[in-house]
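Read left to right, the sequence shown gives residues 7 to 185 (our numbering).
Encoded as structure tokens, the structure appears first; notes follow it.
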Amino acid sequence: MKVELNVPVLTTERLTLRGPIEADAEAVIAFFADETRSSAFGGPLERQDAWRWWGLLVGHWVIRGYGYWTVTETGGDDTPFGIVGLWNPDGWPEPEIGWVMFEGSEGKGYAYEAAKAVRGYAYDVLGWTTLTSNIVPGADRSEALAKRLGAFLERTYENPHMGPDRLFRHPGPSELEGA
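Have a look at this one:
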């Protein structure tokens with residue numbers, strides 16, 4: 007029996023954010039095989055552990071009703087560029103917006119465009135009033151993106167899975183209205 011996820015599709019000018027499908031697992035596994043790229047997410051991981059991590063992404067939708075969307079090109083061939091979404095596993099201080107861009111998709115503004123769409127969904131559809139991004143020290147590109155999105159470093163905390171983590175606070179809906 008297959009569980010059907012009811013993941014809303016988000017679109018931007020260039021991107022489609024859709025729910026995870028089985029074929030996306032290979033892109034996540036490839037991401038976790040790369041030590042440099044995956045170190046901020048607990049990598050590198052062996053194939054079977056990366057597959058379990060992908061399963062956790064799918065399961066998060068079932069348990070929480072939100073999660074990571076797969077980022078693809080609107081009108082393209084459905085190849086995943088990355089994953090961007092809302093994340094709040096057990097032990098997290100509060101829900102966050104996170105992003106992972108796969109090899110070859112950085113530097114094109116995809117993460118920024120997708121993160122803005124996801125943040126809008128969290129505020130406009132889910133009715134949330136705040137969001138964070140939890141970023142491990144040294145993940146300079148992620149910090150730069152959080153700041154570009156208007157987030158500021160609020161505090162450092164001990165992440166139960168990653169060790170020291172930096173919590174960036176995003177502007178709330180009322181703060182974005184005037185921007």
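Virtual Cβ for every residue (Gly too), placed ideally from N, Cα, C.
Per DSSP, residue 49 lies in no beta strand (DSSP E) and is assigned neither H nor E. For residue 132, the closest C-alpha among the options 158, 101, 32, 111 is that of 101.
When only Cα atoms are considered, residue 46 and residue 162 end up about 15 Å apart.
By the Cβ rule, the segment 90-98 counts as touching the segment 124-131, because three or more pairs are nearer than 8 Å. Under the DSSP definition of a beta bridge, residue 171 partners with 163. Rounded to the nearest whole angstrom, the CA to CA distance from residue 22 to residue 78 is 5 Å. Look at residue 57 here: in three-state DSSP terms it is helix.
In the structure shown, the three-state DSSP call for residue 89 is strand. By the Cβ rule, the segment 159-173 counts as touching the segment 137-149, because three or more pairs are nearer than 8 Å.
Judged by pairs of C-beta atoms under 8 Å, the segment 96-114 does not touch the segment 52-66, as fewer than three such pairs exist. In this structure residue 118 is in contact with residue 155, their Cβ atoms being roughly 7 Å apart against a cut-off of 8 Å. Put simply, the backbone Cα of residue 74 is about 19 Å away from that of residue 175. Counting C-beta atoms within 10 angstroms of its own C-beta, residue 31 has 16 or more neighbours from the protein chains shown and is therefore classed as buried. If you draw a 10 Å sphere on the C-beta of residue 148, you find 16 or more other C-beta atoms in it, and that means buried. In terms of Cβ geometry, residue 33 and residue 86 form a close pair [threshold 8 Å]. The closest CA to that of residue 69, considering only 9, 27, 181, 167, is found on 9.
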